[in-house]
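In what follows, a single structure is set out as structure tokens and then discussed.
In the working numbering, the protein residues as written are 16 to 78.
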């Protein structure tokens with residue numbers, strides 16, 4: 016089994032939890048077309064210089 020990682024920055028702001036979950040869901044849905052892209056490509060496109068990690072937490076979401 017392979018797990019493809021889709022990095023997504025989520026800001027914890029003033030928005031309520033329902034709105035935050037809906038926004039995050041919509042953003043994740045927009046990323047699905049990129050699910051087979053290698054993480055190295057995401058790192059290169061992110062503007063985050065190596066070896067700085069692209070993310071510090073991982074959420075395993077299954078639908």
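By construction, the Cβ of each residue, glycine as well, lies at the ideal position given by its N, Cα and C atoms.
Distance CB(residue i)-CB(residue j) smaller than 7 Å
i: residue 73; j: residue 46; result: no
i: residue 42; j: residue 23; result: yes
i: residue 54; j: residue 63; result: no
i: residue 50; j: residue 19; result: yes
Assumed close pair residue i, residue j - CB separation to whole angstroms, cut-off 8 Å
i: residue 58; j: residue 52; result: At roughly 11 Å, the Cβ-Cβ gap does not stay under 8 Å, so residue 58 and residue 52 are not in contact.
Per-residue DSSP class, three states only, for residue i
i: residue 51; result: coil
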